[in-house]
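S.K.: A single structure is presented below for examination.
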Amino acid sequence: TFKLRGSPGKTYLLRLINGALNDELFFSIANHTLTVVEADAVYVKPFQTDVLLITPGQTTNVLLQAKPYSPNTIFLMAARPYVTGLGTFDKSTTVGVLQYKTKQGQSNSTSLFNNLPLIMPTLPALNDTNFAANFSSKFRSLANSQFPANVPRVVDRRFFFTVGLGSSPCPKNQTCQGPNGTKFSASVNNVSFALPATALLQAHFSSQSARIYTADFPSTPLIPFNYTGTPPNNTKVINGTKVVVLRFNTSVELVMQDTSILGAEAHPLHLHGFNFFV
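Shown next, in the form of structure tokens:
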């Protein structure tokens, strides 16, 4: 069990990351308030909360203010899923320990530790959508002179991307659990990314792009449909290494539309190496 040994009165920076594959997680430390200061490597206006919601792959930096004294109590930190989809999930709760050092600078001994009361944090219900929405609404940019929010006023390119789960043929000698034995495939505008043998930037700078990728990624869905209603009869995706090529300093407006083709779910979308305005 993970133990965080803290000293009374000190402030600790906790860098938290959700390493789960497909589960959003609630996180809390019993009887302690956390101050959120950063999310996904971007500073945010600090706000306090007793419970965090962290999506898969997301990082959140928080400040933990230790109590001014060494209490004779063990505080548990706990995490468990926030369920947003219809599929199976692990509903168990994992815990760690926040243990205060004594005046002599040592953590409580094992024997004393075993005799101290344990306090468990109160986490939201597994399907507490109201908490999730309220928590997400608290994130704001700093928007000050040092970290200005210079939102582009002129848009150079516009894109409409639909995101969802489709199906593709099951590879030979594999067992797939998609509809009719097919393979589940995530896609954007019905294109499922095929990982190339050469990195995309490497191919671009070494003039090998023609044999590695094509620059014809669709800017809008090829066939519009009711994205959150009855799914289309054909759920097959296109597999390919397709990209959008942009000139340097291009201002882009991107609309992201979730779909319910083979089921709806909540999942973060990371744009690596870039910040963006919501």
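Those letters in the sequence shown? Residues 1 to 278, per full-length UniProt numbering, in order. Here a beta-carbon is modelled for each residue, glycine too, at the ideal position from N, C-alpha and C.
Can you give the Cα-Cα distance for H204 and F217, rounded to whole angstroms?
M.R.: One-based indexing of the sequence shown puts residue 204 at position 204. One-based indexing of the sequence shown puts residue 217 at position 217. Their Cα atoms are separated by approximately 16 angstroms.
S.K.: Could you tell me the alpha carbon to alpha carbon distance between A78 and L52, rounded to whole angstroms?
M.R.: Reading the sequence shown from its first residue, position 78 is the one you call residue 78. Reading the sequence shown from its first residue, position 52 is the one you call residue 52. Spanning the two alpha carbons is a distance of roughly 11 angstroms.
S.K.: Can you tell which of N233, F161, A197 has its C-alpha closest to the C-alpha of N190?
M.R.: Counting from one through the sequence shown, the residue named residue 190 turns up at place 190. Checked all of N233, F161, A197; the closest Cα to N190 is F161.
S.K.: Spell out a yes or no on whether the segment 62-76 and the segment 132-140 are touching, meaning 3 or more CB-CB pairs, one atom from each, closer than 8 angstroms.
M.R.: At 8 angstroms Cβ cutoff, the stretches do not touch.
S.K.: For N123 and T49, I'd like the C-alpha separation in whole angstroms.
M.R.: Looking up residue 123 in the sequence shown gives position 123. Looking up residue 49 in the sequence shown gives position 49. The sequence given here has Leu at residue 123, not Asn. When rounded, the distance between both Cα atoms is 12 angstroms.
S.K.: Using the beta-carbon count (16 or more within 10 Å), is T259 buried or exposed?
M.R.: Here residue 259 refers to the residue found at position 259 of the sequence shown. Buried is the call here.
S.K.: Which residues does DSSP list as the beta-bridge partners of Q65?
M.R.: Your numbering for residue 65 matches position 65 in the sequence shown. Q65 pairs with T11.
S.K.: Identify the residues that DSSP records as bridge partners of L4: which are they?
M.R.: On the sequence shown, position 4 is the one that residue 4 refers to. Answer is L98, bridged to L4.
S.K.: For Q58, name the three-state secondary structure that DSSP assigns.
M.R.: Within the sequence shown, numbered from 1, the residue matching residue 58 stands at position 58. It is coil, neither helix nor strand.
S.K.: At the level of alpha carbons, what is the spacing between T175 and T235?
M.R.: To locate residue 175, count along the sequence shown from 1; it is residue 175. To locate residue 235, count along the sequence shown from 1; it is residue 235. So the two alpha carbons sit approximately 19 angstroms from each other.
S.K.: Assuming E24 and T84 make a contact with CB atoms under 8 angstroms, what is their CB distance in whole Å?
M.R.: Taking the first residue of the sequence shown as 1, we reach residue 24 at position 24. Taking the first residue of the sequence shown as 1, we reach residue 84 at position 84. Right, their Cβ atoms sit about 7 angstroms apart.
S.K.: Write down the C-beta distance between R157 and Q99 rounded to the nearest angstrom, noting that I regard them as a contact closer than 8 angstroms.
M.R.: To locate residue 157, count along the sequence shown from 1; it is residue 157. To locate residue 99, count along the sequence shown from 1; it is residue 99. With a Cβ gap of about 53 angstroms, R157 and Q99 do not count as contacting.
S.K.: Please report the distance separating the alpha-carbon of T182 from that of T1.
M.R.: As a first step, residue 182 is located in the sequence shown; it is residue number 182 there, counting from the start. As a first step, residue 1 is located in the sequence shown; it is residue number 1 there, counting from the start. If I take the Cα positions, the gap works out to 40 angstroms.
S.K.: Whose C-beta lies closer than 6 angstroms to the C-beta of A266 among residues of the same chain, with five residues either side of it excluded?
M.R.: The residue given as residue 266 occupies position 266 in the sequence shown. Correct list, in chain order: T84.
S.K.: Using a Cβ-Cβ cutoff of less than 6 angstroms, which residues in the same chain neighbour I17 once the five nearest sequence positions on both sides are dropped?
M.R.: To locate residue 17, count along the sequence shown from 1; it is residue 17. Taken in chain order, the residues that qualify are T59.
S.K.: With C-beta atoms as the reference, is T70 less than 8 angstroms away from K101?
M.R.: The sequence position of residue 70 within the sequence shown is 70, counting from 1. The sequence position of residue 101 within the sequence shown is 101, counting from 1. A quick correction: the sequence has Ser, not Thr, at residue 70. Yes. Within cutoff.
S.K.: Assign A186 to one of three DSSP states: helix, strand, or coil.
M.R.: Stepping through the sequence shown from its first residue, residue 186 is reached at position 186. It is a strand residue.
S.K.: Leaving out the 5 sequence neighbours to the left and right, which residues in its chain are closer than 6 angstroms to F184 when beta-carbon positions are compared?
M.R.: Along the sequence shown, read from residue 1 onward, the residue named residue 184 stands at position 184. Around F184: L165, G178.
S.K.: Exposed or buried, I223, counting other C-beta atoms within 10 Å across all chains shown (16 or more means buried)?
M.R.: Position 223 of the sequence shown holds residue 223. With fewer than 16 other Cβ atoms within 10 Å, it is exposed.
S.K.: Rounding to the nearest angstrom, what Cα-Cα distance links T220 and F159 in this structure?
M.R.: One-based indexing of the sequence shown puts residue 220 at position 220. One-based indexing of the sequence shown puts residue 159 at position 159. Whole-angstrom Cα-Cα distance: 6 angstroms.
S.K.: When DSSP labels each residue in this structure, what does F131 get in the three-state scheme?
M.R.: Your numbering for residue 131 matches position 131 in the sequence shown. Three-state result, F131: helix.
S.K.: Buried or exposed: where does S28 fall if 16 or more other Cβ atoms within 10 Å of its Cβ makes it buried?
M.R.: Within the sequence shown, the letter at position 28 stands for residue 28. Per the 10 Å Cβ criterion, buried.
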